[in-house]
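> Structure incoming, see below.
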Amino acid sequence: MIEQAKFLLSRRAFLNATMAAAGTMALPHALSSVAHAQSVKELIWAKPLETTQLDPHTSILGSSWQVLHLVYSSLVDVDGDLRPIPALAESWVEESPTSYLFNLRQGLKFSDGSDVTTDDVVGSIMRVRDPATGSFWQRPIGPITKCEAVGDRGVRITLEHPHAPLLPALAATMASILPMSKLKDGSFDPSKTMLGTGPFMVTEHVQDDHWILERNPHYWEKDLPRIDRISVRIVPNDNARIAMLSDGSVDIASFEASPDAPLLLQNVPGIDVTIETSTNYYMMALNAVSETSPFVSAPLRKAVALSLDREQIKNIALGGVGDPTAVMAPAFKACDTSALPNFARDLDRAKALVAEAGAEGKSFELLVRNIPADVQMAQVIKQGVSEIGLDATISVVDEGIWVKRAWVDNPSQFEAMISWYAGYADPAISTLWWNPVLAGFTAGHVKAVPEIDRLIDAAYQTTGSDRAGILQQLCAAIDENANMIPLVTRQDTIAVRTGRVTGLIKQTEGYVHTLRGIEKAELK
Numbered sequence: 019m020i021e022q023a024k025f026l027l028s029r030r031a032f033l034n035a036t037m038a039a040a041g042t043m044a045l046p047h048a049l050s051s052v053a054h055a056q057s058v059k060e061l062i063w064a065k066p067l068e069t070t071q072l073d074p075h076t077s078i079l080g081s082s083w084q085v086l087h088l089v090y091s092s093l094v095d096v097d098g099d100l101r102p103i104p105a106l107a108e109s110w111v112e113e114s115p116t117s118y119l120f121n122l123r124q125g126l127k128f129s130d131g132s133d134v135t136t137d138d139v140v141g142s143i144m145r146v147r148d149p150a151t152g153s154f155w156q157r158p159i160g161p162i163t164k165c166e167a168v169g170d171r172g173v174r175i176t177l178e179h180p181h182a183p184l185l186p187a188l189a190a191t192m193a194s195i196l197p198m199s200k201l202k203d204g205s206f207d208p209s210k211t212m213l214g215t216g217p218f219m220v221t222e223h224v225q226d227d228h229w230i231l232e233r234n235p236h237y238w239e240k241d242l243p244r245i246d247r248i249s250v251r252i253v254p255n256d257n258a259r260i261a262m263l264s265d266g267s268v269d270i271a272s273f274e275a276s277p278d279a280p281l282l283l284q285n286v287p288g289i290d291v292t293i294e295t296s297t298n299y300y301m302m303a304l305n306a307v308s309e310t311s312p313f314v315s316a317p318l319r320k321a322v323a324l325s326l327d328r329e330q331i332k333n334i335a336l337g338g339v340g341d342p343t344a345v346m347a348p349a350f351k352a353c354d355t356s357a358l359p360n361f362a363r364d365l366d367r368a369k370a371l372v373a374e375a376g377a378e379g380k381s382f383e384l385l386v387r388n389i390p391a392d393v394q395m396a397q398v399i400k401q402g403v404s405e406i407g408l409d410a411t412i413s414v415v416d417e418g419i420w421v422k423r424a425w426v427d428n429p430s431q432f433e434a435m436i437s438w439y440a441g442y443a444d445p446a447i448s449t450l451w452w453n454p455v456l457a458g459f460t461a462g463h464v465k466a467v468p469e470i471d472r473l474i475d476a477a478y479q480t481t482g483s484d485r486a487g488i489l490q491q492l493c494a495a496i497d498e499n500a501n502m503i504p505l506v507t508r509q510d511t512i513a514v515r516t517g518r519v520t521g522l523i524k525q526t527e528g529y530v531h532t533l534r535g536i537e538k539a540e541l542k
C-alpha cells in the first residue's frame, strides 16, 4: 500500500507538470478559432476518435456509435436503469413469449422529410438478421423467423423461441431504422452517408477534423431538440481537449478509457466532471486454442485468474476509476462475484496450480495496444503473475498489428492479451462471445465448452424469475474456465463547462451513447 501511495503521488505530480506545460502551448488555429454563433444554439463537443463506420447495422466501434446515436433511432430505447422505453414505437404488446406487436408513432419521418413506413421497419430488422449484411448484431437481436407489417402502423416480430434480450437489443444503434426504399433504389448508401430519424442530421464532415450536425426539423419528439447544432471536433490528445475546455473553445469533452483524465481535470476550473457508470469492461484473454500457447492448460489459466488484483488494476492502472467485474457488470446486479471460484485473489492456490501445470518459471507474452490504460494494466498484471512464479513479457504494438494478431489470425497470434467488450443493455448479450462458433471473431483463442454454450442459450431463452439462477451459473462457468477473464469496468469521463448545458442525462450506459438525452438538453 505504501508503494502504491508513492506511485499515485508521483503520477499526480507528473500529470500536474504535464498540464502546466500543455496550458502554455498554442492550440492549432482550427481548434482555437471556434466561436459560438449568437443566433444559433450550438454545442461544441471534443471527442478523441473519429467516426469511421457509418452503417449502423454493421458498425462495431463505440467511437462510431457516438455519432450514429444522434442521427438514427430504433424501435425502443433504454432508460437510466437499462429498461426498455418507447422510441419510434410508442408502445408494444408481448402477445406471447415468441410474438411482439409494436405500434409505431404517427407521422414519423426521416430527416429529409420522407415518411417512415412499416416497410422501412420490417426491412431494417430483417437486414440486421440477413447473414449477407454481416452484422454482428444478428444473434443478439434474436431468432426472428418473421417480421411483418400489421396495418399502417403495426409491426409484428415472431421468434423461433423466447429471447430475453430482444427489447434491449432493439435499443442498440445496430438496430436502427433505415430508409429501406432509398437503400434498395440506390439513392442512399448507409456506408457513405447518414439518413435517419434521430434528433440531428449531418450537414458537414471533414475527415479527422470535425462533424457538423444540425437540428432535425422532422424529429418525432415535439419541440425537440432544443439545441440547433452540434459541432463535433475530433481531438485525439487529452491535454488539447482539456485546454479547449479551459479556454471555452468547447462545451463538452469526452475522455474514453483515459486513466489520467480525472486527475488532469481536477486542476481545471469551471467544469463539471462525470465518471460515467458503464456496463463495458476490460478483459484479459488467455489463448486456449493455439498449440504453442501455455494456456491450453486449464490449471495455468486458473492460476493467472487467481493472481489478479482487480482493486490494484483499478487504483493504479485506471486512476481509481471502474469496478471489479465478472462477465456481467455490477450495474446489472446479475452476478454475485463472492460465489465465483476464481474471482477472489488467492496466491497460495495459484502457486499450487502453477506447480500442477509444471509451469514454474514459465514466461509468456502479454500483447497490448499502445494505449496508456492497456499498458498500465499489463504492468499490474505482470507484477501479479510474478508472485506465483510466472513471467509476463509485455509486447506493446500499434492497433493494426494488435487487431490482426488478436482478432484476424486463427489461431490468434498471442498467448495473452488485453482488450475490452461493450456490456450492452442486457447481462447476457456479451456472454455470446464465449461461444466461439456463434461469435466467430473469438474462435482463434476461445475453446468451446459445451456447458458454457448450454448456459448461454439458457440465459438468452429464459425469462422471468428463473433467469437469475441461470445468469449466476453462467457467470460461474465463465469464471471457472478462465479463458477470457473480465477485469474492471471501463468507465468513460465526460467534462462539461459549468452551467453551459442543463438537462444532460446521467445514467448507466451500455451502448456508448455519450450524449444520451442531448435532444432534451438546453444551452445557457
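Sequential numbering from 19 applies to the sequence shown in our numbering. Every residue, glycine too, gets a C-beta built ideally from N, C-alpha and C. These figures come from a predicted structure and were not determined experimentally.
1. Can you list the beta strand (DSSP E) stretches of 3 or more residues lying completely in the stretch 175–224, in chain order?
2. Between the beta-carbon of Leu177 and the beta-carbon of Pro161, is there less than 8 angstroms?
3. How should Ala150 be labelled, buried or exposed, when 16 other C-beta atoms within 10 angstroms of its C-beta is the threshold for buried?
4. Determine the extent of the alpha helix (DSSP H) in which Tyr478 is found, giving its start and end residues.
5. Count the other C-beta atoms from every protein chain shown that fall within 10 angstroms of the C-beta of Asp497, then say buried if there are 16 or more, exposed otherwise.
6. Is it the case that the Cβ atoms of Leu106 and Ile195 are separated by a distance below 8 angstroms?
7. Got a sec, what are the start and stop residues for the alpha helix (DSSP H) Ile162 sits in?
8. So, do the stretch 293–313 and the stretch 429–440 have three or more beta carbon pairs nearer to each other than 8 angstroms?
9. Cβ atoms of Val253 and Ala64: under 8 angstroms apart, would you say?
10. Using 8 angstroms as the threshold, is the C-beta distance between His212 and Gly141 below it?
11. If we count the other Cβ atoms within 10 Å of its Cβ and call it buried at 16 or more, is Ile334 buried or exposed?
12. Can you check whether the CB of Ser117 is closer than 8 angstroms to the CB of Arg171?
13. Going along the chain, which residues of its own chain have a beta-carbon closer than 6 angstroms to the beta-carbon of Leu384, five neighbours each way excluded?
14. Determine the contact status of Arg123 and Trp238, defining contact as a CB-CB distance below 8 angstroms.
15. Let me confirm a value: Gln509 is counted as buried when at least 16 other C-beta atoms fall within 10 Å, else exposed. Which label applies?
16. Report all residues from its chain with a CB closer than 7 angstroms to the CB of Glu540; omit the five preceding and five following residues, and keep chain order.
17. With DSSP as the reference, label Gly528 as helix, strand or coil.
18. With H, G and I counted as helix, E and B as strand and the rest as coil, what does DSSP make of Asn453?
19. Can you tell me whether DSSP reads Met346 as helix, strand or coil?
20. Determine the contact status of Thr526 and Gly80, defining contact as a CB-CB distance below 8 angstroms.
21. Please state the DSSP three-state secondary structure of Leu281.
22. If you compare alpha carbons, which of His236, Ala500, Ile474 and Met144 is closest to Pro183?
23. Look at Gly214 and Tyr90 and say whether their C-beta atoms are less than 8 angstroms apart.
24. Here's the rule I'm using: 16 or more other beta-carbon atoms within 10 Å means buried, otherwise exposed. How should Lys351 be labelled?
25. Quick check on Pro504: does DSSP put it in helix, strand or coil?
26. What distance in whole Å lies between the Cβ atoms of His236 and Trp229, which are believed to be in contact at a cut-off of 8 angstroms?
27. For Val58, collect the residues of the same chain with a Cβ closer than 7 angstroms to its Cβ; drop the 5 residues on either side in sequence, then sort them by chain order.
28. For a test of the three-state rule: what should DSSP assign to Pro317, helix, strand or coil?
29. What residue does the alpha helix (DSSP H) around Arg387 start on, and which one ends it?
30. His463 to Ser430, Cα distance in whole Å?
31. For Pro217, which residues in the same chain have their Cβ closer than 6 angstroms to its Cβ, ignoring the five residues on either side in sequence?
32. Under a three-way DSSP split, which group does His463 fall into?
33. Taking the alpha-carbon positions, what's the Asp95 to Gly338 distance?
34. Which stretch, first to last residue, makes up the alpha helix (DSSP H) that contains Trp420?
35. If distances are taken between C-alpha atoms only, which option among Leu489, Gln490 and Asp137 comes closest to Lys202?
36. Ser356: buried (16+ other C-beta within 10 angstroms of its C-beta) or exposed?
To lay it out plainly:
1. Here the runs fully enclosed are 218–224.
2. Along the sequence shown, read from residue 1 onward, the residue named residue 177 stands at position 159. Along the sequence shown, read from residue 1 onward, the residue named residue 161 stands at position 143. Cβ atoms of Leu177 and Pro161: closer than 8 angstroms.
3. Along the sequence shown, read from residue 1 onward, the residue named residue 150 stands at position 132. Counting of Cβ neighbours within 10 angstroms places Ala150 among the exposed residues, the total staying below 16.
4. In the sequence shown, the residue the question calls residue 478 occupies position 460. Here the alpha helix (DSSP H) through Tyr478 covers Pro468 to Gln479.
5. Taking the first residue of the sequence shown as 1, we reach residue 497 at position 479. So Asp497 ends up on the buried side.
6. Here residue 106 refers to the residue found at position 88 when the sequence shown is read from its first residue. Here residue 195 refers to the residue found at position 177 when the sequence shown is read from its first residue. Closer than 8 angstroms, so yes.
7. Reading the sequence shown from its first residue, position 144 is the one you call residue 162. Here Ile162 belongs to no alpha helix (DSSP H); instead the beta strand (DSSP E) covers Ile162 to Val168.
8. Under the Cβ criterion (8 angstroms, minimum of three pairs), the stretch 293–313 counts as touching the stretch 429–440.
9. Residue mapping note: residue 64 aligns to position 46 of the sequence shown, counting from 1. Residue mapping note: residue 253 aligns to position 235 of the sequence shown, counting from 1. Ala64 places its beta carbon less than 8 angstroms from that of Val253.
10. Residue numbering aside, residue 212 sits at position 194 when the sequence shown is read from its first letter. Residue numbering aside, residue 141 sits at position 123 when the sequence shown is read from its first letter. According to the sequence shown, residue 212 is Met rather than His. No, Cβ-Cβ distance for Met212 and Gly141 is not below 8 angstroms.
11. Along the sequence shown, one-based indexing puts residue 334 at 316. Buried is the call here.
12. Within the sequence shown, residue 171 is the residue found at index 153, counting from 1. Within the sequence shown, residue 117 is the residue found at index 99, counting from 1. No, Cβ-Cβ distance for Arg171 and Ser117 is not below 8 angstroms.
13. Your numbering for residue 384 matches position 366 in the sequence shown. The residues are Ala396, Ala410, Ile412 and Ala434.
14. Taking the first residue of the sequence shown as position 1, residue 123 is located at position 105. Taking the first residue of the sequence shown as position 1, residue 238 is located at position 220. Yes.
15. Within the sequence shown, numbered from 1, the residue matching residue 509 stands at position 491. That one is buried.
16. The residue you call residue 540 lines up with position 522 of the sequence shown. The answer, listed in chain order, is Arg244, Thr520 and Gly521.
17. The residue labelled residue 528 in the question sits at position 510 within the sequence shown. Annotated three-state conformation of Gly528 is coil, per DSSP.
18. Within the sequence shown, the letter at position 435 stands for residue 453. Here Asn453 sits in coil by DSSP.
19. Indexing the sequence shown from 1 puts residue 346 at position 328. In the structure shown, Met346 falls within a coil segment according to DSSP collapsed to helix, strand and coil.
20. The residue labelled residue 526 in the question sits at position 508 within the sequence shown. The residue labelled residue 80 in the question sits at position 62 within the sequence shown. No, these two residues do not count as a Cβ contact at 8 angstroms.
21. Here residue 281 corresponds to residue number 263 of the sequence shown, with the count starting at 1. Per DSSP, reduced to three states, the secondary structure at Leu281 is helical.
22. Counting from 1 along the sequence shown, the entry for residue 183 is found at position 165. Taking only the C-alpha atoms, the option nearest Pro183 is Ile474.
23. Position 196 of the sequence shown, counted from the start, is the residue given in the question as residue 214. Position 72 of the sequence shown, counted from the start, is the residue given in the question as residue 90. Cβ atoms of Gly214 and Tyr90: closer than 8 angstroms.
24. Translated into the one-based positions of the sequence shown, residue 351 becomes position 333. Here Lys351 is exposed: its Cβ has fewer than 16 other Cβ atoms, across all protein chains shown, within 10 Å.
25. One-based indexing of the sequence shown puts residue 504 at position 486. Pro504 sits in a strand when the DSSP states are folded into three classes.
26. Taking the sequence shown and counting its residues from 1, one reaches residue 229 at position 211. Taking the sequence shown and counting its residues from 1, one reaches residue 236 at position 218. Contact flag wrong, Cβ pair sits at about 20 angstroms.
27. Walking along the sequence shown from the start, residue 58 turns up at place 40. Excluding sequence neighbours, Val58 sits near Asp246 and Arg247.
28. Locating residue 317 in the sequence shown gives position 299, counting from the first residue. The three-state secondary structure of Pro317, taken from DSSP, is helix.
29. Looking up residue 387 in the sequence shown gives position 369. Where Arg387 is concerned, there is no enclosing alpha helix (DSSP H), although the beta strand (DSSP E) it sits in stretches over Ser381 to Arg387.
30. Here residue 463 corresponds to residue number 445 of the sequence shown, with the count starting at 1. Here residue 430 corresponds to residue number 412 of the sequence shown, with the count starting at 1. Computed Cα separation, rounded: 6 angstroms.
31. Here residue 217 refers to the residue found at position 199 of the sequence shown. Asn234, Tyr237, Pro243 and Glu537.
32. Residue mapping note: residue 463 aligns to position 445 of the sequence shown, counting from 1. Coil.
33. Counted from its first residue, the sequence shown places residue 95 at position 77. Counted from its first residue, the sequence shown places residue 338 at position 320. Taken atom to atom, the span from the alpha-carbon of Asp95 to that of Gly338 is near 31 angstroms.
34. Here residue 420 corresponds to residue number 402 of the sequence shown, with the count starting at 1. According to the DSSP assignment, Trp420 belongs to the alpha helix (DSSP H) that extends over Glu417 to Val421.
35. Taking the sequence shown and counting its residues from 1, the one referred to as residue 202 is at position 184. Selected option, being the one with the closest Cα: Asp137.
36. In the sequence shown, counting from the first residue as 1, residue 356 sits at position 338. So Ser356 ends up on the exposed side.
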